[in-house]
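Residue numbers (my numbering): 3 to 309.
For each residue, glycine too, the CB sits at the ideal point set by N, CA and C.
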């Protein structure tokens, strides 16, 4: 079976249909000598003459006649199996799609994506899971369909599509003194800070930038996500630094106010990543196109990346 050439079945089907080496060759776009050599290979594989001469033509042997319908069905099924898939309309999709994102994506992109899915693909269920450490493995194994955020080195087999850039903003409580007046670098550095790190790190690249400008900060709490950071600063005089898109969204939902970061923090590139096995999957194609379109919409802009 390891040496089986499925092209022999296609050739056998043509020979049995045409009853002629020359006509079978024309049917498959081959030369007559090439088809004659293929017939020899078929006879060797089957241990049967397959076609024998009768007058000026060829007739199938009893074994070939017995197999003719089965050969035709196998060739038909194989052709259908290997043919390009028929595009599926979004409203016909029935699928659970898993997206790995940070919490900052849910209020902004997640809300817009959920609304679009309900309108265009009501049979699709969106499953948002938190970030983990198995970046490549979960994409490769199909546990995660799409990873959205600031992408690191995911391996050469992973597809990555840029979605845009994200900046950073401060969040402070609306009743905090930091919500009034100009938030200078000195006020920012003197304030208590709530850090955001899913691994619980006390020090982040923000500290490096502060030190370059001659300042340090005191981190009084570290939380695993931006939503928790917003909740902590809402009732205190502390400040937290989060992604700009998240800050705009949460400021309309919680008693917090967004303020510019008084430091030249670089913008970060945000992308979506997936395994190439899903390149042509109809549900996955719809998901990627929708995410890309939403991120390019003026009302949404770039999405939050990974702090």
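Less than 6 angstroms between C-beta atoms, sequence neighbours within five positions excluded: which residues of the same chain meet that for residue 142?
Excluding the 5 residues flanking it on each side, residue 142 has same chain C-beta neighbours closer than 6 angstroms at 277, in chain order.
C-alpha distance - residue 281 paired with residue 93, whole-angstrom precision
Cα to Cα, residue 281 sits roughly 20 angstroms from residue 93.
Excluding the 5 residues preceding and the 5 following residue 243 in the sequence, name in chain order all residues of the same chain whose CB lies nearer than 7 angstroms to its CB.
Result list for residue 243: 170, 172, 208 and 263, in chain order.
Suppose the cutoff is 6 angstroms on Cβ atoms and the five residues either side in sequence are ignored; what does the same chain contact list for residue 68 look like?
Closer than 6 angstroms at Cβ, skipping near neighbours: no residue.
Does DSSP put residue 290 in a helix, a strand or coil?
Correct three-state label for residue 290: helix.
Please classify residue 4 as buried or exposed, where buried requires at least 16 neighbouring CB atoms within 10 angstroms.
With a pLDDT of 45 at residue 4, under the threshold of 50, the modelled position of this residue cannot be trusted, and the question is left open.
With the cut-off set at 7 angstroms, would you say residue 100 and residue 78 are in Cβ contact?
No, these two residues do not count as a Cβ contact at 7 angstroms.
Determine, using beta carbons only, whether residue 236 and residue 257 come nearer to each other than 7 angstroms.
Going by beta carbons, residue 236 and residue 257 fall inside the 7 angstroms limit.
Looking only at DSSP bridge pairs, what is residue 150 linked to?
Partner(s): 274.
Which one of 41, 18, 61 and 111 has the shortest CA to CA distance from residue 246?
Proximity to residue 246 across 41, 18, 61 and 111 peaks at 111, based on C-alpha coordinates.
Please determine if the segment 34-48 and the segment 15-25 are in contact, where contact requires at least 3 C-beta pairs separated by less than 8 angstroms.
These segments touch.
Top-ranked residue by Cα proximity to residue 160, from 183, 166, 167 and 148:
Checking every option, the nearest Cα to that of residue 160 belongs to 148.
By the three-class DSSP mapping on this structure, what secondary structure does residue 10 have?
DSSP places residue 10 in helix when its eight states are reduced to three.
Among 234, 215 and 214, the one whose alpha carbon lies nearest that of residue 221:
Considering only alpha carbons, the answer is 234.
Given a cut-off of 7 angstroms on the beta-carbon distance, is the pair residue 194 and residue 231 in contact?
Result no, Cβ atoms of residue 194 and residue 231 do not sit closer than 7 angstroms.
Which residue comes first and which comes last in the alpha helix (DSSP H) that contains residue 213?
207-214 is the extent of the alpha helix (DSSP H) around residue 213.
Quick check on the burial criterion: 16 or more other C-beta atoms within 10 angstroms. Buried or exposed for residue 33?
Exposed, because fewer than 16 other Cβ atoms sit within 10 Å of the Cβ of residue 33.
Which value, in whole angstroms, describes the spacing of the CA atoms of residue 117 and residue 295?
Taking the straight line from one Cα to the other gives about 14 angstroms.
Span of the alpha helix (DSSP H), counted from its first residue to its last, around residue 204
Note, residue 204: premise wrong, no alpha helix (DSSP H); not H, not E.
Contacts around residue 176, its chain only, beta-carbon distance under 7 angstroms, and the 5 residues preceding and following it disregarded
Only 257, 258 and 259 meet the Cβ criterion.
Going by other Cβ atoms of all chains shown within 10 Å of its Cβ, with 16 needed for buried, is residue 286 buried or exposed?
Buried.
Assuming residue 73 contacts residue 11 under a Cβ cut-off of 8 angstroms, what Cβ separation, rounded to an integer in Å, is found between them?
Indeed they touch by this definition, with Cβ atoms about 6 angstroms apart.
In whole angstroms, what is the alpha-carbon distance linking residue 279 and residue 162?
Taking the straight line joining both Cα atoms gives about 13 angstroms.
Pick from 95, 261, 127 and 122 that is closest to residue 190, judged by C-alpha positions:
Answer by Cα proximity: 261.
Identify the continuous alpha helix (DSSP H) that holds residue 235 and give its terminal residues.
Note, residue 235: alpha helix (DSSP H), 228-236.
Let's test the definition: count the other Cβ atoms within 10 Å of the Cβ of residue 1 and tell me whether it reaches 16, buried, or not, exposed.
With the chain represented from 3 up to 309, any question about residue 1 goes unanswered, as that position is not in the structure.
Under 7 angstroms, do residue 165 and residue 91 count as touching if we go by C-beta distance?
The beta carbons of residue 165 and residue 91 sit no closer together than 7 angstroms.
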